Amino acid sequence: MAVHLPMSQPSPGLCARPPHQQRGSASTAAAVAAVAAPPSTFAPQTTRLSAQSIAVNVRHTAPAAPIVVLPERAAKKKSGETLAGMWREIQGGRDWAGLVEPLHPLLRAEIVRYGEFVAATYKAFDLDAGSKRYLNCKYGKARMLEAVGMAGAGYTVTRYIYAAPDIALPGAAGPCPSRWIGYVAVASDDAARRLGRRDIVVSFRGTVTGSEWVANMMSSLEPARFDPADARPDVKVESGFLSVYTSDDATCRFTCGSCRNQLLSDVTRLINKYKHEEISITLAGHSMGSSLALLLGYDLAELGLNRDGNGNTVPITVYSFAGPRVGNAGFKNRCDELGVKVLRVVNVNDPITKLPGIFLNENSRVLGGRLELPWSSACYTHVGVELALDFFKARDPACVHDLEAYLELLKCPKIAKVKKDGEDLISKAKKFVLQQNFDTWRWQMAAIQVSELVQAMGM
């Protein structure tokens, strides 16, 4: 199904980025070009979307019924509906049933709101090589949200999060140091009343540094083993993302402990502080950051840390923007069992959302819908419900992964449902990429496919 967003002219600055903002990515093969590239590879870029029409695609496991164009009022908020009154549904309490077809205005607003928390990580990230805060946050916690234009967000930043994969770049003396990867924030009293609960937010940026690009190349699956009392070797995740999440850098001057330890410590502290209130845990990230958000959500639930003062389960929701696959079917099934809710916002033409697992994925696990194939445990599988944007007519390949483009499309006020026909969207995406006069992009995609094939053959 598709939610069609007609646009007579591209929105000004739809894919434009402020001079200080950097694009994140989780492409396993893009690392090849990025690590070897000069510093200008990570310089801010400005792109433009030239598509005449854009669609939002909503995917579900079950086949969809025929779609008809609905009047605009179908997408409008019903009288009396408030976020405080239906926050559990908006957070995925019923797997967003009835909220994505058509896209409910309250859900749309929440997706954009959490996306802006993620965009703040790029705006606050210091890319000035001459700065003492280079590759860290430019602002202190007390003024970070205000400095990036979110003074009215109604949240207080409680902790900055730092991470570094256990990887040594060629020519480096040792493993790469920790870099600022995101932050933890909690809703103020006024915001809590408006939201209907005390919301704890963790926001992650995407890939920027060379070591993070290298980590994205590590597409082998590895057992997560987060719970020492129950290792669950069948639950496997991408080794590069796991390295970023769990590696420790004792030399970091801003904090100590791994990204995982920092997060578990602060989130559990906040849960304990507000244990007698209604609480929600919302994790949001772009590209690689969405992988870290999902790993944290699974980690909290697996360890049983999402409990309030009465022993009730605190809901965990992940808003994933342009996120890759994170783990295998065992990981996906365990997240479902634990009640970790994931809403994946993707562009069907974004190759990052097809990775890892171009060849070995959820579509190659079973034969005839019943028989599991021998390599099923090695297949990457997406988690959650997918809300997919479709702007495959864009002429700038880099724009298909741009967070600001995602958010601008979701802010479009008019939506109507249209029937998807013709070529499948993956075929259109491949054709689109191959038609571009952008040799580096083609080489990256070729490298990705070769890497996946080598891994599939066990070489």
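Following the UniProt record's numbering, the numbering of the sequence shown begins with 1 at its first residue and continues without gaps. Beta carbons: idealized from backbone N, C-alpha and C, even for Gly. As the structure is a computational prediction, the values presented were derived from the model and not from experiment.
ask   = Say the cut is 7 Å; is the CB of Tyr-139 nearer than that to a heavy atom of the ligand ATP?
value = Looking for the ligand ATP in the displayed structure turns up nothing, as the structure carries no ligands at all.
Runs of beta strand (DSSP E) lying entirely within the UniProt domain "Fungal lipase-type" (201-358), each at least 3 residues, in chain order = 221-223, 236-238, 279-286, 316-321, 341-347
Residue burial classification, Leu-332 (beta-carbon count within 10 angstroms, cutoff 16) = In the sequence on display, residue 332 carries Lys and not Leu. By the 10 Å Cβ count, Lys-332 comes out buried.
ask   = Where does Arg-159 fall in DSSP's three states?
value = strand
message = Cutting at 6 Å between CB atoms, please list the residues of its own chain near Val-235, excluding the five before and the five after it.
response = Ala-224, Gly-330, Phe-331, Arg-334
query = Helix or strand or just coil, what does DSSP make of Gly-140?
reply = coil
query = Under a Cβ-count criterion, where at least 16 other Cβ atoms within 10 Å of its own Cβ denotes burial, should His-276 be classed as buried or exposed?
reply = exposed
Which of helix, strand or coil DSSP assigns to Ala-388 = strand
Coarse secondary structure for Thr-82, derived from DSSP in three states = coil
message = Using the Cβ count rule (16 or more neighbours within 10 Å means buried), how would you classify Asn-261?
response = exposed
ask   = Is Trp-87 helix, strand or coil by DSSP?
value = helix
Helix, strand or coil at Asp-126 [DSSP, three-state] = coil
ask   = Just the Cα atoms here: how many angstroms apart are Asp-95 and Leu-303?
value = 22 Å
message = In whole angstroms, give me the CA-to-CA distance for Thr-121 and Tyr-160.
response = 10 Å
query = Would you call the CB atoms of Asn-328 and Thr-381 closer than 8 Å?
reply = yes
inquiry  = Using 8 Å for Cβ pairs, my map puts Phe-241 next to Leu-295. What's the rounded Cβ distance?
reply    = 6 Å
message = Just to check my reading of the structure: Thr-282 and Tyr-319 have Cβ atoms closer than 8 Å, yes? What is that Cβ distance to the nearest angstrom?
response = 7 Å
query = When you compare only the Cα positions, how much space is there between Leu-407 and Val-112?
reply = 6 Å
ask   = Using CA coordinates, which residue listed in Glu-116, Leu-195, Glu-404, Thr-156 is at the minimum distance from Gly-140?
value = Thr-156
ask   = Run through DSSP, which three-state label would Asp-199 get?
value = strand
ask   = Taking C-beta to C-beta, are Gly-196 and Glu-278 nearer than 8 Å?
value = yes
ask   = Taking the C-alpha atoms as reference points, what is the distance between Asn-136 and Gly-297?
value = 24 Å
task = Would you kindly work out how many angstroms separate the C-alpha atoms of Ser-203 and Gly-182, rounded to a whole number?
result = 5 Å
inquiry  = For a test of the three-state rule: what should DSSP assign to Tyr-406, helix, strand or coil?
reply    = helix
request  = Could you check which residue in Glu-89, Leu-409, Ile-316, Leu-103 has the C-alpha nearest to that of Val-267?
outcome  = Ile-316
ask   = Does the beta-carbon of Asn-310 have 16 or more other beta-carbons within 10 angstroms, so that it is buried, or is it exposed?
value = exposed
query = Helix, strand or coil: which one does DSSP assign to Val-100?
reply = strand
ask   = Excluding sequence positions up to five away, which residues of its chain have a Cβ less than 8 Å from the Cβ of Ser-188?
value = Gly-154, Tyr-155, Thr-156
ask   = Would Arg-198 pass as a contact of Tyr-274 if the rule is Cβ separation under 8 Å?
value = yes
message = Distance check for Arg-205 and Ala-386, CA to CA, integer angstroms please.
response = The question names Ala, but residue 386 in the sequence shown is Glu. The alpha-carbon atoms of Glu-386 and Arg-205 are separated by roughly 20 Å.
request  = Could you work out which residue in Ala-147, Glu-81, Gln-91 is closest to Lys-341 when comparing CA atoms only?
outcome  = Gln-91
query = What three-state label does DSSP hand Arg-179 in the structure shown?
reply = strand
request  = Measure how close the beta-carbons of residue 540 and Ala-405 come, nearest whole angstrom, since I'm counting them as under 8 Å.
outcome  = Because residue 540 is not part of the residues shown, which for the chain are 1 to 459, the question remains open.
message = In whole angstroms, give me the CA-to-CA distance for Arg-73 and Gly-80.
response = Unreliable positioning characterises Arg-73 in this predicted model, as indicated by a pLDDT of 36, which lies under 50. A coordinate reading is not provided.
key: Beta-carbon proximity check, residue 503 vs Cys-259, cutoff 8 Å   = Any answer about residue 503 is impossible in this case: the structure gives the chain only from 1 up to 459.
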